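Residue numbers (my numbering): 2 to 350.
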């Protein structure tokens, strides 16, 4: 940031982690606007529990934002999230201009006349007394939430509506976040970083309306990390997908199949029936299931199964690694990119 200042940079958008807040790594910075998008289960290997995690995150709004000398201080908060609603009450008396946002008419910033498909989003957003028309290549409900939040930040900073709309239109998808893998087979193949229960639920909920056929989900959970989320994510995938293919993520020093079995417990709770996973190319090509799940610890093979099982109109979500171009097996890091693998396997169909 010192280099930015020397280079004449006038504005900085900074992601502030809960770790940075607890460790006071941002002490001395003054903020014009703070944005709260949501809070879901993550980093519980660092924080004692969700309450401790929320307390850490809220410090940006309760401590750092009010303490600055900026003449105008604003908080943009996703009010539909329970933690967001609680945060609004916590800062209501702190002299901060609060911009709430969400899908309903009760929020300061909310959507109007939205069109959503695999090509992107478009429509109108009401932001207090403004109506902003927009178009974006981003897809899904989670992207719409982020656009609403960004619109709130723009309004809080006093930017004109046309500048906000132009910024939304120029926005490119973040690599590995609902990133499309183009193909000529009539399949919607998406790669996403969703690696928490909340993120996976949001992604599957967002893509369901975009599928003309079935939704197939390929995912696993990281090893040497929060084990409690594994069956939770399994239940979510089983409930919101037609076909689930359980595989490895970054198993690290854990046994990949042991991780998968913990996820599988949640899938079974959702009512999914296990289908014996095919092992040969010939059987993979014939693997067609309307509602079930299978286990394939080899991530490339799992992606191959999903793509060879899919029919025109189906949507395949490959979740958990997103932008990562590696996989951690034991203490070894190997090259592995879900997007590359999907393209390679699609080229063989």
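Even for Gly, the Cβ is constructed at its ideal location relative to N, Cα and C. Predicted model only: the values in this text are computed from it and were never measured.
Report the option in 39, 72, 151, 5 whose CA atom is closest to the CA atom of residue 31. Cα-wise, what sits closest to residue 31 is 72.
Give the DSSP-derived three-state secondary structure of residue 66 in the structure shown. Residue state, collapsed to three classes: helix.
If you compare alpha carbons, which of 215, 267, 141 is closest to residue 238? Closest by alpha carbon: 267.
key: Of the listed residues 90, 69, 172, 126, nearest to residue 59 (C-alpha basis)   = With distances taken between Cα atoms, residue 59 lies closest to 90.
Hey, residue 170 and residue 137 are a contact pair by Cβ (cut 8 Å); roughly how many whole angstroms apart?
For a cut-off of 8 Å, the C-beta gap from residue 170 to residue 137 is around 6 Å, short enough to register as a contact.
Specify the secondary structure class of residue 55 as computed by DSSP and reduced to three states. For residue 55, the secondary structure class from DSSP, reduced to helix, strand or coil, is helix.
- Query: Measuring CB to CB, does residue 75 end up less than 8 Å from residue 109?
  - Reply: No, the pair does not count as a contact, with Cβ atoms beyond the cut-off.
| field | CA-to-CA distance, residue 55 to residue 25, given in whole angstroms | value | Going from the Cα of residue 25 to the Cα of residue 55 covers about 16 Å.
query = By how many angstroms is the C-alpha of residue 101 removed from the C-alpha of residue 80?
reply = Going by the C-alpha atoms only, they are around 6 Å apart.
- Which class does residue 268 belong to by DSSP, given the choice of helix, strand or coil? Per DSSP, reduced to three states, the secondary structure at residue 268 is helical.
query = Tell me the DSSP bridge mates of residue 317?
reply = For residue 317, which the question treats as bridged, DSSP gives the partners 190, 217.
Does DSSP classify residue 282 as helix, strand or coil? Here residue 282 scores only 42 on pLDDT, less than 50, and its place in the model should not be relied on; the value that follows carries that caveat. In this structure, residue 282 counts as helix in the three-state DSSP scheme.
**Request:** Reducing DSSP to helix, strand and coil, say where residue 306 ends up.
**Result:** Correct three-state label for residue 306: helix.
Closest by C-alpha distance to residue 325, when choosing among 179, 114, 248, 194: Between residue 325 and the set 179, 114, 248, 194, the nearest pair of CA atoms involves 194.
If you run the structure through DSSP and keep just helix, strand and coil, what is residue 287? Reliability fails at residue 287, whose pLDDT of 49 lies under 50, so the model's placement of it is uncertain and no value is given.
Checklist entry - By Cβ distance, which residues of its chain are closer than 6 Å to residue 57, with the 5 residues on each side in sequence left out? => result Excluding sequence neighbours, residue 57 sits near 19, 22, 23.
Close-in-space but distant-in-sequence residues of the same chain around residue 271 (CB under 6 Å, 5 per side omitted): Annotation for residue 271: 236, 239, 240 place their beta carbon closer than 6 Å to its own, counting only its chain and skipping 5 residues before and after.
Stretch-stretch touch, CB-based, cutoff 8 Å, three pairs: the segment 305-316 with the segment 214-227 = Contact holds: three or more Cβ-Cβ distances are below 8 Å.
Smallest Cα separation from residue 135: which of 123, 142, 129? Looking only at 123, 142, 129, the smallest Cα-Cα distance to residue 135 is reached by 123.
Exercise for review: May I ask you to report which of helix, strand or coil DSSP gives residue 232?
Suggested key: If DSSP states are grouped into helix, strand and coil, residue 232 belongs with the helices.
**Message:** Beta-carbon within less than 7 Å of residue 297's beta-carbon, same chain only, minus the 5 sequence neighbours each way: which residues are those?
**Reply:** Contacts found: 246, 248, 278, 303, 306.
Residue from 292, 187, 143 with nearest C-alpha to residue 199: Check the Cα spacing between residue 199 and each of 292, 187, 143: the tightest is with 143.
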